[in-house]
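Have a look at the structure below, then the notes.
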Amino acid sequence: MNSIVILTGAGISVESGIASFRDAHGIWSKFDWRDYATPDAFARHPARVYDFYNARRRQLHEVKPNEAHYALARLEREFSGSVTIITQNVDDLHETAGTKNLIHMHGQLRSALCRSCGARSPWLGDMTIDSRCPSCESPGRLRPDIVWFGEMPYHMDKIYQALATADLFIAIGTSGAVYPAADFVEEASLNGAHTVMLNLEPSENASAFHETIHGKATDIVPEYVEKVLRG
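The opening position of the sequence shown corresponds to residue 48 in the working numbering, with each subsequent residue numbered one higher.
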């Protein structure tokens, strides 16, 4: 085995204190995504959208990676081949845990995107309509660097290149309901990869996996990483 590709979703960060979006008590059970996570919502009420993401960005100061994040960083360090982690999450817990080869397909909370020059810039504090782009200094043109509903996820070419060469594909903490990520297991299978789901409960696309393991991410991810490293 030479190549491992891992998809992570909200379930890997829940045990660090970051709420998921889609479960019964998730973010979209409290907020209507149409008011906070679409280009139209931002055009209509930018201050409301800024406040929503500012609150989530502030939360990152209060949370830490958990054993699952650290286990994946260990896998990347110690596995003899390549490990690519694709995350649907917009937090930075994978990086904080030490992961290097990471693809953020839905953007990042601690990044700003300029609608004037297209530059992406690190952004740690609050963002407002008066915030200036660090690259072109345009005022009022920054938006959260987040993929909203109706927008194309980032780095899709790079993701499909990784899936095409994967020997092992692992999905962790995903609902299996968000596309195109829900189709990654099919793509990896078509290219001959063994596919594994590590999840608290069965995902919507669980039947597409060769192997499923249920439990808390902090328990089952370190166990599975240990199994892979033992060969």
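Note that the Cβ used here is the ideal one computed from N, Cα and C, for glycine as well.
All values derive from a computational prediction rather than experimental measurement.
Coil, strand or helix - residue i by DSSP
i	result
Val-243	strand
Gln-135	coil
Thr-85	coil
Leu-189	strand
Thr-212	coil
Ala-224	coil
Arg-69	coil
Pro-93	helix
Lys-205	helix
Lys-111	coil
Asn-101	helix
Euclidean distance between Cα positions of residue i and residue j
i	j	result
Ile-53	Thr-175	35 Å
Ser-63	Arg-91	33 Å
Gly-56	Ser-50	20 Å
Arg-190	Leu-160	5 Å
Val-96	Ala-88	7 Å
Thr-143	Lys-111	8 Å
Gly-172	Asp-138	14 Å
Lys-147	Glu-198	26 Å
Thr-212	Ile-132	14 Å
Leu-215	Asp-266	20 Å
Residues sharing a beta bridge with residue i, DSSP
i	result
Ile-53	Ile-132, Ile-217
Ile-74	BP columns for Ile-74 are empty, so no partner.
Glu-198	In DSSP, Glu-198 forms no bridge with anything.
His-261	Asn-246
Close beta carbons around residue i, own chain, < 8 Å, minus the five adjacent residues each side
i	result
Ala-253	Gly-223, Met-244, Asn-246, Thr-259
Glu-248	His-261
Residues near residue i by beta carbon distance below 7 Å, same chain, minus five either side
i	result
Phe-196	Trp-80, Ala-84, Thr-85
beta-carbon residue i near the ligand GDP non-hydrogen atom, thresh 7 Å
i	result
Arg-103	Looking for the ligand GDP in the displayed structure turns up nothing, as the structure carries no ligands at all.
Please specify which runs of the alpha helix (DSSP H), each continuous and at least 4 residues long, are wholly inside the stretch 127 to 187, giving them in chain order. 140 to 144
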